[in-house]
Amino acid sequence: MMRILGFGFFIVVALQVISKNKVETAEGGGGGVRAFFVFGDSLVDNGNNNYLATTARADSPPYGIDYPTHRPTGRFSNGLNMPDLISEKLGSEPLMPYLSPALSGKKLLVGANFASAGVGVLNDTGIQFVNIIRIHQQLDYFAQYQERLAAVVGAAEKAKKLVNEALVLITLGGNDFVNNYFLVPFSFRSRQYPLPDYVTFVISEYKKVLKRLYDLGVRRVLVTGTGPLGCVPAELAQHSRSGECAKELQRASALYNPQLLEMIKQLNHEINRDVFIGANINQMHLDFITRPQSFGFRTSKVACCGQGRFNGLGLCTPLSNLCPDRNEYVFWDAFHPSEKANRIIVDQMLKGSNDYMHPMNLSTLMDLEDSTVP
């Protein structure tokens with residue numbers, strides 16, 4: 174069975190302080206929309222894997238059934254995913270996959286999506302998918318993008334300014350558990366590390382990724398921890414008798430998220446400024462799971478598209494069970510949230526209290542001035 178990233182995993186939004194003012198376009202005129210860049214896994218991939226020979230794909234129906242074109246796009250969603258919804262908030266058009274041949278010229282000014290389904294923090298995560306864009310390659314592509322951008326705008330400094338003032342979303346971490354440590358019994362990593370030590374190792378490697386993002390010019394980074402890893406339909410189908418969450422994966426979440434927050438604090442101290450901001454995605458998802466009706470959902474355990482127990486076995490295909498109303502389901506497929514769930518998550522990121530966003534939410538960030546860019 175192909176296992177792609179679970180619901181609500183490691184999401185990082187890296188952004189320069191977002192103000193209400195529009196960014197000056199890289200060509201020198203005013204009024205341009207702020208650029209947006211996306212890195213990570215299947216929660217945010219919008220089609221890069223369509224250009225790769227990989228099994229980690231979402232390019233066939235019923236994926237995209239509620240997308241404006243009603244056709245599959247490579248997004249692991251019935252409709253829009255988190256990057257699309259953030260683009261809406263920015264007043265920008267949806268990002269193009271970096272591998273798309275159509276991404277060229279002035280389209281580079283909008284930004285790009287570098288994400289690839291199946292990847293994790295570690296290079297050996299997702300090896301069963303064979304051909305995916307691992308995170309270090311995504312960052313290499315980002316450096317390449319900046320060279321291409323400089324050629325379009327005519328100066329490296331203009332390209333640097335656009336990157337400094339851009340919003341960047343990066344989603345990582347869940348696959349390092351679902352598609353690595355817990356992928357099979359007695360996996361290599363589980364024999365190499367007890368779970369607490371593995372969590373510490375992943376956090377240390379992720380810190381290196383964040384440092385490189387900072388070196389590549391991003392500022393203000395919103396880092397969200399894993400969601401409740403053991404509560405996705407795929408894990409319920411394999412490990413749950415009556416809908417209770419899988420204990421070991423939940424233990425991984427409980428170990429991971431506090432260490433992540435501590436790493437963020439340490440990194441801010443090293444940089445000597447509050448660049449990294451934490452989002453409590455785990456609590457957002459637990460709200461759905463424990464009180465689905467409060468958010469207008471009928472179920473948080475059964476996937477809309479799938480087969481077997483909880484519709485959590487195998488892939489979402491044209492032959493799968495398909496719910497008639499996607500708005501009633503927290504999960505679109507065995508691992509990924511529905512568009513409605515994504516909308517609620519993005520709204521919490523924008524407006525959530527300190528219980529969800531610390532030290533501030535994105536709306537507060539959007540009210541700040543750009544004068545702090547180094």
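Per this note's numbering, the sequence shown starts with residue 174, numbered consecutively. Ideal placement from N, C-alpha and C gives every residue a C-beta, glycine not left out. This one's a predicted model, so the numbers in the text were calculated from it and none came from an experiment.
Here Y502 carries a strand assignment [DSSP, helix/strand/coil]. Following the DSSP letters along the chain, one finds A452 inside the beta strand (DSSP E) bounded by residues 449-452.
Counting along the chain, N286 sits inside the beta strand (DSSP E) bounded by residues 284-286. About 15 Å separates the CB atoms of I450 and V519; that is not less than 8 Å, and the two are not in contact. Annotation for F212: the continuous beta strand (DSSP E) segment containing it runs 209-213. Secondary structure of M269 (DSSP, three-state): coil. Shown here, L495 sits in a strand according to DSSP, grouped into three states. Under the three-state reduction of DSSP output, H442 falls in the helix class. Counting the other CB atoms within 10 Å of its CB gives L322 a total of 16 or more, which places it among the buried residues. When the five nearest sequence neighbours on each side are left out, the beta carbons in the same chain lying within less than 7 Å of the beta carbon of P234 are those of P245, P491, in order along the chain. The bridge partners DSSP lists for T472 are Y502. Sixteen is the threshold: when 16 or more other Cβ atoms of the shown chains lie within 10 Å of the Cβ of K513, as they do, the residue is buried. Counting every other CB atom within 10 Å of its CB across the protein chains shown gives G485 a total of 16 or more, marking it as buried. Contact between the region 497-513 and the region 470-481 is established, with three or more Cβ pairs separated by less than 8 Å. Burial check for D528: the Cβ neighbour count within 10 Å stays below 16, so the residue is exposed.
For Q311, the number of other beta carbons within 10 angstroms of its own is at least 16, and it is reported as buried. A distance below 8 Å between beta-carbons, with the five flanking residues on each side excluded, links I517 to the following residues of its chain, in chain order: M457, F461, F468. If you draw a straight line from the Cα of F249 to the Cα of L268, it is about 15 Å long.
Contact check for R230 and G213: beta-carbon distance about 16 Å, past the 8 Å limit, so the pair fails to qualify. Per the coordinates, the alpha-carbon of A288 lies some 7 Å from the alpha-carbon of I306.
DSSP, reduced to helix, strand and coil, places H509 outside both helices and strands of the structure shown, so it counts as coil. According to DSSP, T246 shares a beta bridge with no other residue.
In the three-state reduction of the DSSP assignment, I308 falls in the helix class. DSSP lists G451 as the bridge partner or partners of H531.
A Cβ-Cβ distance of about 6 Å is found for the pair G278 and V325, placing them in contact under the 8 Å criterion. Excluding sequence positions up to five before and after C489, its CB lies within less than 7 Å of the CB of P235, Y236, C478, G479, D506, all in the same chain and listed in chain order. Under the three-pair Cβ rule at 8 Å, the region 425-440 counts as touching the region 358-374. The residues G485, A507, F508, in chain order, have a CB closer than 6 Å to that of A407 in the same chain once the five nearest residues on each side in sequence are set aside. Only buried fits G252, as 16 or more other CB atoms lie within 10 angstroms of its CB. In the DSSP assignment, I376 falls within the alpha helix (DSSP H) that extends over 368-388. Ranking K333, D349, P274 by CA distance to the CA of L295 puts D349 first. Proximity to N534 across N222, L368, R482, N453 peaks at N453, based on C-alpha coordinates. Less than 7 Å separates the beta-carbon of K333 from that of G390.
Between S426 and P401, the C-beta spacing is below 7 Å. C478 is bridged by DSSP to L495. The C-beta distance from T344 to L216 rounds to 5 Å, short enough to meet the 8 Å contact threshold.
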